[in-house]
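K.L.:
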Amino acid sequence: MISKRIEGETRCIGRSQGYLGLSIRDVTIDCAVNGPETPAMITAWEPTPAELARLNAGASVHLRILGTGHPPVMLEVGPTPDEAA
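Residue numbers (the numbering used here): 11 to 95.
#1: Ordered along the chain, which non-local residues of its own chain (more than five positions away) have a Cβ less than 6 Å from that of K14?
#2: Below 8 Å on the Cβ atoms is my guess for I52 versus V37; work out the distance and round it to an integer in Å.
#3: So if DSSP puts I75 in a beta bridge, which residue, or which two residues, is it bridged to?
#4: Taking 8 Å as the cut-off, decide whether the C-beta atoms of A94 and E17 are in contact.
#5: Have a look at V43 and T58 and give me their C-alpha separation to the nearest angstrom.
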């Protein structure tokens, strides 16, 4: 997957640690567990052509989390480029 700049970016993290930098949009959501105004972060990703071919062939999306603790996460499909404009 290719990290993309997310529309409405509020910050970019990781550059100072030597990473490429991860574009983040900070939001609040209404969460059934944590309640209204729960802080959340959204990032944008684009599959490579090979990954897109595997997805179209029925492959699943895998989420890798570093470390041993698992924070709550959500995966969804973002808007198409024309919807985001």
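Glycine included, every Cβ here is placed at the ideal spot set by N, Cα and C.
P.N.:
Quick look at the numbers:
#1: Within the same chain, and ignoring the five residues on either side of K14 in sequence, the residues whose Cβ sits closer than 6 Å to its Cβ are A54 and E56.
#2: About 6 Å; that satisfies the 8 Å criterion.
#3: When DSSP reads this structure, I75 sits in no beta bridge, so it has no partner.
#4: A contact, by the Cβ cut-off of 8 Å.
#5: The alpha-carbon separation between V43 and T58 amounts to approximately 34 Å.
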